């Protein structure tokens, strides 16, 4: 399933969410412009679990944050930014700008630590915002379970555009990550999708959504 947009309007412009998307895009094109130097820079700033576990230096800790803003290709960047664009604005709307930024970075940190715990000996550089975005998805599921999402659903050789409950779209997404993560345990150390970062981020988002969300003003009904 490919989400296109949700149906929830926001009360204010999602400034932080928009800036996060802009920063991710700018970082991607900046790194792409480095030519032969790109690989060296990415390797230095990406999260490498083995280095984090064995050295635990300030640089390795900072890699958790720098890796959140780097991507391994246009498809990787585009898919992540699509999910952040669809679901992040409403989560920011409910939390407020400052809280949302802190939530995003904390969710991404927990996602990275989950990846390190499940792959401590991996020497493969890990990049991408998907761990932090998974936290946003978890929070959206908690805060807006009744929302609906316009979604492209594959039916054989065709795609059908339909509106589905957010709980179904995000629930299926999480189950795919979970089963893929279980199957990846004990496998060879090769590049691919950091499923356990997604799982850790999503669970963090579910648990942190209520504490970070602002209390909604009471609704007044006029008869």
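In my numbering, the protein residues as written are 45 to 267.
Every residue, glycine too, gets a C-beta built ideally from N, C-alpha and C.
Here the structure is a predicted model, which means the values were calculated and not measured.
Collapsed DSSP secondary structure at residue i in the structure displayed
i, result
"residue 121", "helix"
"residue 170", "strand"
"residue 145", "helix"
"residue 71", "helix"
"residue 63", "helix"
"residue 91", "strand"
"residue 163", "coil"
"residue 131", "helix"
Alpha-carbon spacing of residue i relative to residue j, whole angstroms
i, j, result
"residue 186", "residue 119", "28 Å"
"residue 73", "residue 247", "31 Å"
"residue 237", "residue 96", "19 Å"
"residue 202", "residue 46", "13 Å"
"residue 54", "residue 140", "11 Å"
"residue 85", "residue 173", "17 Å"
"residue 195", "residue 222", "21 Å"
"residue 65", "residue 125", "6 Å"
"residue 100", "residue 123", "31 Å"
"residue 199", "residue 102", "49 Å"
Beta bridge counterpart(s) of residue i as assigned by DSSP
i, result
"residue 50", "193"
I'd like the ranges of any alpha helix (DSSP H) spanning at least 4 consecutive residues and lying wholly in the region 195 to 259. 210 to 228 and 239 to 256, all fully within the region 195 to 259.
Report yes or no: do three or more beta-carbon pairs, one from the region 104 to 122 and one from the region 86 to 96, lie closer than 8 Å? Three or more beta-carbon pairs separated by less than 8 Å link the region 104 to 122 to the region 86 to 96, which places the two stretches in contact.
Using 8 Å as the cut-off, can you tell me whether the region 239 to 257 makes contact with the region 152 to 164, which would need three or more C-beta pairs spanning the two stretches below that distance? With a cut-off of 8 Å, the region 152 to 164 and the region 239 to 257 count as touching, because enough Cβ pairs lie within range.
Given 8 Å, three or more beta-carbon pairs between the region 124 to 140 and the region 50 to 65: The region 124 to 140 vs the region 50 to 65: in contact.
The region 165 to 181 contacting the region 248 to 256, beta-carbon criterion three pairs below 8 Å: Yes: at least three Cβ pairs fall under 8 Å.
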